[in-house]
Amino acid sequence: MTIGGGKSDGSATHVLTTAPCCPKCGSDLGLPAFEETQAALLDAHNKINDLQAQVRLLNQKASAAVDRWADYEDELAKVRSQLDSQQQQQQQSPPQITTPLATPSPARSSFLPAGAATRLSAFLSPRISGTKSPSPATPPPPPSVNGLGSPFYPFSPAIPLSPTPSTDDLMEALSREQALRLEAEGRLSDTSREVEELSVTLFEQANEMVANERRARAKLEERVETLEKRDHDKKKRLERLESAMGRIERVRTLLGQVETTSTAAPTGAGAGDSGRREHRGERGTAN
């Protein structure tokens, strides 16, 4: 502690400069710099922003997976509708075949490839002809005319029959789409689980950071309060010291006045004694 005193117009001014120290052992108490605390707080905010960006990215991935899943379901529904339409067409189509000049109807061209109607008629004609009466005298039916004016002729049994590969292709596509759907569901569940785990981790880290910041702030406030209390006590001590020094100065002044008075008093007493002695001598001479 350093005390400096200056006297002007009867008052004393003292300056106290001290470092924070322990009141028991006197060791220096170093406080963390404000810049370090601010840097730690900014680092925590940056980590929180990074985790939030990761959560947003995972949410985007999850929404993209859901969109792909919806697309797969739409394609699967289309394949199923095409398969049902083909089965209905196989059940309802007559045992007739169009000429090469005939134009296929829009309903067939929408889901049957080129030449599928010919193979389908060839596949169904033996079954229908087997159900008819085997009378050889029955003349062949006359050629019928469709809505476009093209004649239809019954298919000849001499042409070799071939199975329709379109059904197998559709079944294979259906199985493939089902596998893709299962894979998409698995990826979606994995992504959802990762998002949940990351969210839990993020909230835990955020809560931990907030708790650490609160504890650090409470410690800093406690230290500041302690230092303020010490400063207040030191101010009181300084005031008491200044008042004591003022009393000392007044006592010194009084002592100086007393010494001056005591020095002047013996001088006056000696002069009176000499005067009395001279008067006594004169009286003796007269006698």
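Residue numbers (this note's numbering): 1167 to 1453.
For every residue, glycine included, the Cβ atom is placed at its ideal position computed from N, Cα and C.
Measure the CB-CB distance between residue i and residue j and report whether it falls below 8 angstroms.
| i | j | result |
| --- | --- | --- |
| residue 1224 | residue 1391 | no |
| residue 1252 | residue 1358 | no |
| residue 1371 | residue 1217 | yes |
| residue 1364 | residue 1232 | no |
| residue 1348 | residue 1249 | no |
| residue 1354 | residue 1238 | no |
| residue 1350 | residue 1234 | yes |
Looking only at its own chain, which residues have a Cβ that is under 6 angstroms from the Cβ of residue i, when we skip the five neighbours before and after it?
| i | result |
| --- | --- |
| residue 1297 | Only weak support is given to the placement of residue 1297: the predicted model assigns it a pLDDT of 44, under 50, and the question is left unresolved by the model. |
| residue 1313 | At residue 1313, the pLDDT of 43 sits below 50, so the modelled position is not reliable and the matter cannot be decided from this model. |
| residue 1388 | none |
Might you give, ordered along the chain, the residues of its own chain that have their beta carbon closer than 8 angstroms to the beta carbon of residue i, omitting 5 neighbours on each side?
| i | result |
| --- | --- |
| residue 1427 | none |
| residue 1369 | none |
Might you give, ordered along the chain, the residues of its own chain that have their beta carbon closer than 7 angstroms to the beta carbon of residue i, omitting 5 neighbours on each side?
| i | result |
| --- | --- |
| residue 1227 | 1357 |
| residue 1399 | none |
| residue 1403 | none |
| residue 1241 | 1343 |
Worksheet item: Three or more beta-carbon pairs under 8 angstroms between the stretch 1335–1353 and the stretch 1240–1247, yes or no?
Response: yes
Worksheet entry | Inter-stretch contact (C-beta, 8 angstroms, three-pair minimum) for the stretch 1207–1216 and the stretch 1373–1389 | yes
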